[in-house]
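J.: Have a look at the structure that comes next, please.
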Amino acid sequence: MSEARVGLVIEDDQDIRELVRVVLSQAGFDVHVASTGSAGVTSARELNPDVITLDLGLPDIDGFEVARQIRKSSDAYIIMLTARAEELDTLMGLEAGGDDYLTKPFRPRELRARVEAMMRRPRASSESKSVPEEVDPEVSHNGLAVSAGSRTAVLNGAELKLTRTEFDLLLALLETGRIVRTKADLARRLRNEPYDVGSYVSDADERAVEVHMGNLRKKLGDSIQAPRWLETVRGVGYRLAPPSSN
């Protein structure tokens, strides 16, 4: 019997904390809560949760810094919860290591749907890293080696520290090569929806993809002007850069 999935709620508002706890519990998570940023960072380190909901307006450490500290030791999915609808706050949260966000007040059904979509995506683990090479083929492109099974990306002999969202975006581009993937298509990929599903994708969802791609490009050390891996197709989306002759 598999172990229960672990959820962590970092929220100082008692009513919202209880609401999120109930939503995650109903989704089958063993839920733990923290009312401060420092307690949340400690809990994330000790519990190794699968998903974390993180309030940006915490009393001791702001949510941006909490996310940065959690990312040092955890690959949990992080959903930012914020009462502030400004785009800058959203972008800062994603750049700090968040995977998704919801603006308060939010519908419990939407939170659960987003969490369940995330959990359908693979997670790196010690089990996946032991998959035999013959069933875990490696894809290489311009010196970058990516393994879907072990969810690793190695560049110049060093493994890149990618969030799960960044890895999923990189893998999506590797899968389709020079075919352009629109921002909407990539947003649906992050929701684990099929390529051809016509579900609604908001401007904010597409902007989130842009931020994640920017973070991925920084970690690769890639250039927008002369890309080696990630090529932007202006006004449309992204595709893999051409193979290098080097």
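Residue numbers for the sequence shown follow my numbering, beginning at 84 and rising by one.
We put the CB at the ideal spot given by N, CA and C, even for glycine.
#1: 8 Å is my cut-off, CB to CB: does residue 142 come that close to chain C?
#2: Can you find the residues in the same chain that come closer than 7 Å, C-beta to C-beta, to residue 46, ignoring five residues on each side of it along the sequence?
#3: Can you look up residue 268 in the DSSP assignment and give me helix, strand or coil?
#4: Taking the C-alpha atoms as reference points, what is the distance between residue 286 and residue 142?
#5: Looking only at DSSP bridge pairs, what is residue 186 linked to?
#6: Going by DSSP in three states, residue 136 sits in which element: helix, strand or coil?
#7: Starting from residue 292, trace the alpha helix (DSSP H) both ways and give me its first and last residue.
#8: Hey, residue 130 and residue 150: beta-carbon distance below 8 Å or not?
#9: Within a Cβ cutoff of 7 Å, which residues of the same chain sit near residue 213, ignoring the five residues on either side of it in sequence?
#10: Can you check which of these residues, 166, 307, 158, 193, is closest to residue 187 by C-alpha distance?
#11: Which residue from 228, 134, 294 puts its Cα closest to that of residue 239?
#12: If you follow the alpha helix (DSSP H) that residue 153 is in, where does it begin and where does it stop?
#13: Could you say which of 315, 249, 288, 292 lies nearest to residue 302 if we only look at CA atoms?
#14: What is the DSSP secondary structure of residue 141, reduced to helix, strand or coil?
T.: According to the structure shown:
#1: Among the chains in the structure shown there is no chain C, since it carries only a single protein chain.
#2: This structure leaves residue 46 out entirely; the chain is present only between 84 and 329.
#3: helix
#4: Those two C-alpha atoms are separated by around 31 Å.
#5: According to DSSP, which records beta bridges pairwise, residue 186 is partnered with 165.
#6: strand
#7: 286 to 303
#8: For the pair residue 130 and residue 150, the CB atoms are not nearer than the 8 Å cut-off.
#9: Residue confidence for residue 213 is low, a pLDDT of 40 falling below 50, so the modelled location carries little weight and cannot support an answer.
#10: Comparing Cα-Cα distances from residue 187 to each of 166, 307, 158, 193, the minimum goes to 166.
#11: Sorting 228, 134, 294 by C-alpha distance to the C-alpha of residue 239 places 228 at the top.
#12: 146 to 154
#13: 249
#14: Coil.
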